[in-house]
Structures are given as structure tokens and as C-alpha cells.
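Peer 1: Shown below is the structure under consideration.
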Amino acid sequence: MVDLADRQLGAGVIAANDEFFAQRENLLVPEPAVFDPQAFGHKGKVMDGWETRRRRGADADHPFPADADHDWALIRLGAPGMVRGLVVDTAHFRGNYPQRVSVEAAAVEGAPSPEHLLSGAVPWEEIVPRTPVRGHAANGFTVRGERRYTHLRLNQHPDGGIARLRVYGKVVPAPEWLGLLGTFDLASVLHGGAVEDASDCFYSSPTSIIRPDRARKTDDGWENRRRVRETNDWVRFRLAGHGQIRAWRSTRPTSTRATPRAGPRSTAATPPPPTHTTMRPGSRSCPAPPFSRTPHTDFGSQRLPLPRICASMPSRMGASPGYGPMALSPPQVRPVCWSGTRP
Ligand SMILES: NC(=O)NC(NC(N)=O)C(=O)[O-]
Numbered sequence: 000m001v002d003l004a005d006r007q008l009g010a011g012v013i014a015a016n017d018e019f020f021a022q023r024e025n026l027l028v029p030e031p032a033v034f035d036p037q038a039f040g041h042k043g044k045v046m047d048g049w050e051t052r053r054r055r056g057a058d059a060d061h062p063f064p065a066d067a068d069h070d071w072a073l074i075r076l077g078a079p080g081m082v083r084g085l086v087v088d089t090a091h092f093r094g095n096y097p098q099r100v101s102v103e104a105a106a107v108e109g110a111p112s113p114e115h116l117l118s119g120a121v122p123w124e125e126i127v128p129r130t131p132v133r134g135h136a137a138n139g140f141t142v143r144g145e146r147r148y149t150h151l152r153l154n155q156h157p158d159g160g161i162a163r164l165r166v167y168g169k170v171v172p173a174p175e176w177l178g179l180l181g182t183f184d185l186a187s188v189l190h191g192g193a194v195e196d197a198s199d200c201f202y203s204s205p206t207s208i209i210r211p212d213r214a215r216k217t218d219d220g221w222e223n224r225r226r227v228r229e230t231n232d233w234v235r236f237r238l239a240g241h242g243q244i245r246a247w248r249s250t251r252p253t254s255t256r257a258t259p260r261a262g263p264r265s266t267a268a269t270p271p272p273p274t275h276t277t278m279r280p281g282s283r284s285c286p287a288p289p290f291s292r293t294p295h296t297d298f299g300s301q302r303l304p305l306p307r308i309c310a311s312m313p314s315r316m317g318a319s320p321g322y323g324p325m326a327l328s329p330p331q332v333r334p335v336c337w338s339g340t341r342p
């Protein structure tokens with residue numbers, strides 16, 4: 000699945016009501032959050048995340064925050080789509096994480112301002128109800144529903160700090176936009192292409208090679224582990240829809256083949272990946288969602304690509320290992336149990 004809130008797809012945190020201790024933009028930094036125990040600034044502990052000030056009540060007669068008091072951040076998704084899962088990562092926020100979080104979502108085309116999004120004219124739907132979270136943990140939520148969203152509102156009740164937000168889902172571009180483009184990259188994640196499977200993801204995810212941005216360094220690409228065996232490494236892509244191939248292009252080391260041999264689980268005679276294709280407006284077909292409709296608590300048991308890819312990236316994930324399990328199970332949204340405990 001794709002992180003719809005990936006900064007490299009164009010996602011951004013466009014507003015927040017408060018960012019006293021740490022800036023909202025940190026929420027979408029691609030790398031794991033870091034912590035320097037010696038780093039203190041004029042306001043307090045330097046934190047890698049979005050952290051608001053502590054709330055108090057309205058006056059001496061009401062010393063504590065009211066039930067409705069909360070802090071919020073507005074996120075523009077890099078690509079519109081259906082949200083399947085969220086990770087609210089409170090890494091390194093051990094005493095200053097929020098007591099509860101909630102997430103709302105809306106679909107507004109174009110580039111709406113924060114003022115417009117908050118004006119009351121935009122209908123927001125709650126996709127994660129107010130739910131207690133753990134500190135220094137990756138708090139995972141499964142989201143069900145077929146609605147397509149462009150923006151999220153992340154709320155912390157009543158205040159606190161969150162290191163990272165990841166929004167996993169399926170890209171659903173506007174059909175009118177694809178029709179206007181005419182010829183476009185049918186494999187691109189921005190247009191709904193996705194990686195279905197791959198022979199190896201040891202160093203990095205193969206989704207890297209269908210991202211719209213240019214690779215800047217080696218780990219911006221797909222790299223498998225080095226070994227000798229009977230087959231080449233392979234990736235199976237799901238294209239955005241049926242299309243007429245005009246051209247295709249790949250950037251690869253010279254020793255690899257343009258037409259990969261089918262891997263053990265790939266479809267036979269897989270053609271080379273198309274990149275520039277024409278799609279007839281309205282011809283796009285959405286594949287079945289990767290989540291089942293039954294409640295579940297574990298991404299892994301649903302055979303989702305996320306943990307499999309993460310699990311096969313020990314060199315990267317090793318930088319921030321361990322996420323505590325959660326015991327909460329609200330009706331529509333279920334926290335995901337992750338193995339291990341943060342050090
Ligand atoms: N040590 C802290 O984290 N203090 C406060 N936060 C920061 N960032 O200083 C707080 O508790 O809100």
C-alpha cells in the first residue's frame with residue numbers, strides 16, 4: 000500500500016492550531032523520528048514531531064481542560080485515495096504524548112485553504128474515533144470504508160506530541176484529471192498503480208520505482224539482496240487500469256534484463272512495465288480492496304504489503320525497533336498489534 004501522506008508525493012501539513020514545542024511539518028518526515036537527550040531549546044525539550052503546549056482550563060473555577068478541548072493539524076494528502084490504515088507514531092514522546100487521538104477526513108478538490116477547510120462548509124467524517132494511545136509506540140488503526148479523501152484532520156485530546164503520521168491506502172485519482180492528461184504513467188502510484196508482490200525487498204521497497212519523483216540516492220530505488228539462484232528478481236505491478244501502451248522506460252543497472260523472467264509467484268510472460276500509456280476516460284477499474292471487511296487486528300494476518308516490506312528491511316527498521324501492543328478495540332477502528340517493545 001501507498002502512504003497517501005508521503006511528502007514526496009506532495010503531501011503537507013498545511014495548518015495546526017498550535018506547534019509551541021515542535022513543528023507540525025515533522026509529522027510527515029519520511030525517516031523515523033530521532034531523539035537527542037541533550038537537546039533543549041528556549042521553549043523546552045527539542046522534539047522530532049508535532050508537539051503543542053499543555054492546556055489548562057478556562058479560569059480558576061475550571062482548572063482543567065474541557066472535554067471538547069483539543070489540538071488539530073490539517074494534512075493535505077499527496078494523492079487522494081481510500082484510507083486503509085493509519086499509524087500515529089508517538090516515538091520518543093514518553094511523558095508528553097496525547098491521552099487520546101482522533102482522525103477526520105474530507106474530500107475537497109483543488110487547493111482549498113485551511114480557512115475554507117475549517118469554515119464549516121466542508122463535511123468532515125470521523126475515520127478514527129477518539130481513542131487512547133500509548134507513548135513511544137506506533138499506534139496502528141485499521142480504517143474501513145470506500146470513501147475517497149483528499150485531506151485529513153489529526154486531533155490530539157487534549158494536547159501533546161506525535162512524532163509521525165502515516166496514512167496507508169489506495170490511490171484513487173480524479174477520473175476527469177486522468178482524462179485531461181490523456182497520456183500518463185499507468186504504473187505511477189500517483190495514478191493508482193501499485194506493487195502487488197516482489198521476489199525480494201531486503202534493502203528497500205519496490206514502490207520506490209513507481210514514485211513520481213526522481214531518485215536522488217541509491218536507497219530511493221529498489222534494491223534486493225545479492226545472491227545466486229535460478230531466477231532473476233522480479234516485481235509485479237498492478238496498473239491503474241487498462242490502457243494502450245505508447246512507450247515504456249526503466250532506469251536500471253546495465254546488467255539487468257529489460258523483460259524479467261517470471262518469478263515464482265508472478266504471472267507468466269509478464270510484459271515490461273509500461274510507463275507512458277493512454278487510458279480512455281471512464282475505463283479505469285478499481286481492483287478489490289486489499290483489506291477484508293471483517294474486523295481484524297493485525298496487518299500481517301491480512302497479508303498487507305506494509306509489514307512484509309518493513310519486515311524485510313532490517314537495516315532501516317532497525318533504527319527504531321519495537322512497538323508496543325494495544326488493547327483497545329473500538330467498533331470501526333481497531334488498533335494494530337505490533338511486535339516488540341521500544342528500547
Ligand atoms: N520534557 C518535556 O518534554 N516537557 C514538555 N515538552 C517539551 N517539548 O519540552 C512537556 O511536558 O510538554
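Once you know that position 41 of the sequence shown is 40 in numbering that gives the first Met the number 0, the rest is easy, because the numbers rise by one and skip nothing.
Every residue gets a Cβ at the ideal spot worked out from N, C-alpha and C, and that includes glycine.
Predicted, not measured: the structure shown is a model, and the values here were computed from it.
Grab me the residues of VAL127's own chain with a C-beta within less than 6 Å of its C-beta, minus the 5 sequence neighbours each way, in chain order.
Peer 2: Position 128 of the sequence shown, counted from the start, is the residue given in the question as residue 127. Same-chain partners within the cutoff: SER101, VAL102, PHE140, VAL332.
Peer 1: Between which two residues does the alpha helix (DSSP H) harbouring HIS115 extend?
Peer 2: Taking the sequence shown and counting its residues from 1, one reaches residue 115 at position 116. First-last of the alpha helix (DSSP H) with HIS115: 113-116.
Peer 1: Assign PHE20 to one of two classes, buried (16 or more other C-beta atoms within 10 Å of its C-beta) or exposed (fewer than that).
Peer 2: Taking the sequence shown and counting its residues from 1, one reaches residue 20 at position 21. Buried, by the Cβ-count rule.
Peer 1: Can the beta-carbon of LYS169 be found closer than 7 Å to that of MET46?
Peer 2: In the sequence shown, counting from the first residue as 1, residue 169 sits at position 170. In the sequence shown, counting from the first residue as 1, residue 46 sits at position 47. Cβ atoms of LYS169 and MET46: not closer than 7 Å.
Peer 1: Unbroken alpha helix (DSSP H) runs of length 4 or more, entirely within the region 100-155: which are they?
Peer 2: The qualifying runs are 113-116.
Peer 1: What number of angstroms, rounded off, separates the C-alpha of ALA65 from the C-alpha of TRP71?
Peer 2: One-based indexing of the sequence shown puts residue 65 at position 66. One-based indexing of the sequence shown puts residue 71 at position 72. Answer to the nearest angstrom: the Cα atoms are 15 Å apart.
Peer 1: How would you label HIS41, buried or exposed, when you count the other beta carbons within 10 angstroms and need 16 or more for buried?
Peer 2: Residue mapping note: residue 41 aligns to position 42 of the sequence shown, counting from 1. The residue is exposed, with fewer than 16 neighbouring Cβ atoms inside 10 Å.
Peer 1: Looking at the secondary structure, which residues open and close the beta strand (DSSP E) in which PRO79 lies?
Peer 2: Taking the sequence shown and counting its residues from 1, one reaches residue 79 at position 80. Start and end: 70-88.
Peer 1: Use the C-beta contact count for GLY364: other C-beta atoms within 10 angstroms, 16 or more gives buried, fewer gives exposed.
Peer 2: Only positions 0 to 342 of the chain appear in this structure, which leaves residue 364 out of reach.
Peer 1: Report yes if the C-beta distance between GLY77 and LEU8 is below 7 Å; otherwise report no.
Peer 2: Walking along the sequence shown from the start, residue 77 turns up at place 78. Walking along the sequence shown from the start, residue 8 turns up at place 9. Their beta carbons are under 7 Å apart, which means GLY77 touches LEU8 by this criterion.
Peer 1: Work out the CA separation of ARG54 and ASP60 for me, nearest whole Å.
Peer 2: Indexing the sequence shown from 1 puts residue 60 at position 61. Indexing the sequence shown from 1 puts residue 54 at position 55. Between ASP60 and ARG54, the C-alpha separation is close to 15 Å.
Peer 1: Is the number of C-beta pairs between the region 220-236 and the region 160-175 that are closer than 8 Å three or more?
Peer 2: Contact fails: fewer than three Cβ-Cβ distances are below 8 Å.
Peer 1: On the three-state DSSP scale, how would you describe GLN7?
Peer 2: As a working note, residue 7 is residue 8 in the sequence shown. Reduced to three states, the DSSP call for GLN7 is helix.
Peer 1: Nearest to GLN155 by CA position, among ASP196, GLN22, ARG129, is which residue?
Peer 2: Residue numbering aside, residue 155 sits at position 156 when the sequence shown is read from its first letter. When only C-alpha atoms are compared, the closest one is ARG129.
Peer 1: Report the three-state DSSP secondary structure of GLY178 (helix, strand or coil).
Peer 2: Within the sequence shown, residue 178 is the residue found at index 179, counting from 1. If DSSP states are grouped into helix, strand and coil, GLY178 belongs with the helices.
Peer 1: Answer yes or no: the CB of ASN95 versus the heavy atoms of ligand 1, is any distance below 6 Å?
Peer 2: Looking up residue 95 in the sequence shown gives position 96. Yes, the beta carbon of ASN95 sits closer than 6 Å to at least one heavy atom of ligand 1.
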